[in-house]
Amino acid sequence: MNDNLKQRIEDIAHKYRWTNAERKEEPLMFEAEAYTLTSAKGTLTPEERAVINQHIKTTIKMLGSLHYPKSLRNVPIFAETHHEHMDGTGYPMGLTREQIPLQGRIIAIADIFESLTAKDRPYKKGLTLIEALRMLSSMKDNGHIDPDLFDIFIDEKVYLPYAERYLSRAESDENVLCEMPKVVSTPSQQLSPDCFNLNKSMPPPRDSIG
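In terms of my numbering, the sequence shown opens at residue 1 and continues consecutively.
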């Protein structure tokens, strides 16, 4: 939200009042409502985001209490690092790419992709395949996910079996991916007018992810 819009909302909260059904005068917008509406990023306040971020601590506690065979003993570490970002801005520990195990970086991409396209979230509408991949591409550019792993995710079409199984045909149609590197099999192939370019700028990831 830009500063002008934020100021406009704050002005409405401070200046305007109305008379309710009980003939009592009250603000047109309460301070708590204005605070929520002026969140700098996404739709969550910092306090709400902190509550959501608690789930990783619960995950660590649950997985840490279990006994694993030797081959699975690092599962808790992989799980607790999948919300970390390559640039160190993730949580819960603020690790950088070199500190995050490969498995944690892989889980991060899978988790975000599933979350973006999921149809069972009551608080948001699932994105189409191209929308989700463009969002992931933006997160790669912003230093959130591993760039090399994302390139493999695209080049090897790792997303395709999931898309074919869980997304509708229109949502998973690969024709819209024709401008993505290595998706078009030959340079002479005609590009669809509906193509999207993942290199186009995207807005920052929304708080609905996760």
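We treat Cβ as the ideally placed atom computed from N, Cα and C, and that holds for glycine.
- Message: On the DSSP bridge list, what partners appear for Pro-27?
- Response: In the sequence shown, residue 27 corresponds to position 27, counting from 1. According to DSSP, residue pairing for Pro-27 in a beta bridge involves Arg-17.
- Item | Cut-off 8 Å between Cβ atoms - residues of its own chain near Arg-17, not counting five sequence neighbours on either side | In the sequence shown, counting from the first residue as 1, residue 17 sits at position 17. Taken in chain order, the residues that qualify are Glu-25, Glu-26, Pro-27, Leu-28.
- Could you check how far apart the C-beta atoms of Thr-81 and Gly-88 are, in whole angstroms? I think they sit under 8 Å. Sequence index remark: in the sequence shown, residue 81 carries index 81 (1-based). Sequence index remark: in the sequence shown, residue 88 carries index 88 (1-based). Cβ-Cβ separation between Thr-81 and Gly-88: approximately 12 Å, too far for a contact (criterion under 8 Å).
- Message: Can you tell me whether Arg-105 is buried or exposed? The criterion is at least 16 other CB atoms within 10 Å of its CB, across all chains shown.
- Response: Position 105 of the sequence shown, counted from the first residue, corresponds to residue 105. Buried, since its Cβ has 16 or more Cβ neighbours within 10 Å.
- Cβ neighbours of Phe-30 in the same chain (closer than 8 Å, five flanking residues each side left out): Along the sequence shown, one-based indexing puts residue 30 at 30. Within the same chain, Phe-30 has close Cβ partners Ala-13.
- Using DSSP with H/G/I as helix, E/B as strand and the rest coil, what is Asp-148? Your numbering for residue 148 matches position 148 in the sequence shown. Here Asp-148 sits in helix by DSSP.
- Taking buried to mean at least 16 other C-beta atoms within 10 Å of its own C-beta, is Met-1 buried or exposed? Locating residue 1 in the sequence shown gives position 1, where the first residue counts as 1. Exposed, because fewer than 16 other Cβ atoms sit within 10 Å of the Cβ of Met-1.
- Item | Bridge partner(s) assigned by DSSP for Thr-96 | Position 96 of the sequence shown holds residue 96. For Thr-96, which the question treats as bridged, DSSP gives the partners Asp-87.
- Stretch pair the segment 48 to 55 + the segment 63 to 73: three plus CB contacts closer than 8 Å: Contact between the segment 48 to 55 and the segment 63 to 73 is absent, because fewer than three Cβ pairs lie under 8 Å.
- Let me know the secondary structure DSSP gives Arg-169 once reduced to three states. Mapped onto the sequence shown, residue 169 falls at position 169. The DSSP-derived three-state label of Arg-169 is helix.
- Item | Counted within 10 angstroms of its Cβ, other Cβ atoms place Lys-119 as buried (16 or more) or exposed | Here residue 119 refers to the residue found at position 119 when the sequence shown is read from its first residue. The residue is exposed, with fewer than 16 neighbouring Cβ atoms inside 10 Å.
- Message: Quick check: the Cα distance between Glu-10 and Glu-33, rounded to an integer number of angstroms?
- Response: Along the sequence shown, one-based indexing puts residue 10 at 10. Along the sequence shown, one-based indexing puts residue 33 at 33. Our two residues, Glu-10 and Glu-33, have alpha carbons roughly 10 Å apart in a direct line.
- Are there 16 or more other CB atoms within 10 angstroms of the CB of Lys-200, so buried, or fewer, so exposed? For the purposes of this step, residue 200 is taken as the residue at position 200 of the sequence shown. Residue placement at Lys-200 is poorly supported in this model, since its pLDDT is 42, which falls under 50; the coordinates are not used for a value here.
- Item | Anticipated Cβ contact below 8 Å, Leu-116 with Leu-102, distance rounded | Sequence index remark: in the sequence shown, residue 116 carries index 116 (1-based). Sequence index remark: in the sequence shown, residue 102 carries index 102 (1-based). About 22 Å separates the CB atoms of Leu-116 and Leu-102; that is not less than 8 Å, and the two are not in contact.
- Message: Using 7 Å as the threshold, is the C-beta distance between Met-139 and Ile-145 below it?
- Response: Position 139 of the sequence shown, counted from the start, is the residue given in the question as residue 139. Position 145 of the sequence shown, counted from the start, is the residue given in the question as residue 145. In this structure, the beta-carbon distance from Met-139 to Ile-145 falls below 7 Å.
- Could you pull out every residue in the same chain whose Cβ sits closer than 7 Å to the Cβ of Phe-153, ignoring the five residues on either side in sequence? Position 153 of the sequence shown, counted from the first residue, corresponds to residue 153. Closer than 7 Å at the Cβ level, and outside the excluded window around Phe-153, lie Ile-109, Tyr-159.
- Message: So, with DSSP's three-state summary, where would you put Ser-39?
- Response: In the sequence shown, counting from the first residue as 1, residue 39 sits at position 39. Note: Ser-39 maps to coil in three-state DSSP.
- Could you say which of Glu-114, Met-86, Met-135 lies nearest to Arg-165 if we only look at CA atoms? Within the sequence shown, numbered from 1, the residue matching residue 165 stands at position 165. Residue Glu-114 is the option with its Cα nearest to Arg-165.
- Between Leu-37 and Tyr-68, what straight-line distance do the alpha-carbon atoms span, to the nearest angstrom? Counted from its first residue, the sequence shown places residue 37 at position 37. Counted from its first residue, the sequence shown places residue 68 at position 68. Rounded to whole angstroms, Leu-37 to Tyr-68 spans 45 Å at the Cα level.
- Item | Cα-Cα separation, Arg-134 to Ile-112 | Counted from its first residue, the sequence shown places residue 134 at position 134. Counted from its first residue, the sequence shown places residue 112 at position 112. Taking C-alpha positions only, Arg-134 is separated from Ile-112 by approximately 12 Å.
- Query: Quick one, which of Ile-56, Leu-44, Glu-156 has its alpha-carbon nearest Glu-84's?
  - Reply: Numbered from 1 along the sequence shown, position 84 holds the residue referred to as residue 84. Nearest C-alpha to Glu-84 among Ile-56, Leu-44, Glu-156: Ile-56.
- Query: For Met-86 versus Gly-143, is the C-beta distance shorter than 7 Å?
  - Reply: Walking along the sequence shown from the start, residue 86 turns up at place 86. Walking along the sequence shown from the start, residue 143 turns up at place 143. With contacts defined as CB atoms closer than 7 Å, Met-86 and Gly-143 qualify as a contacting pair.
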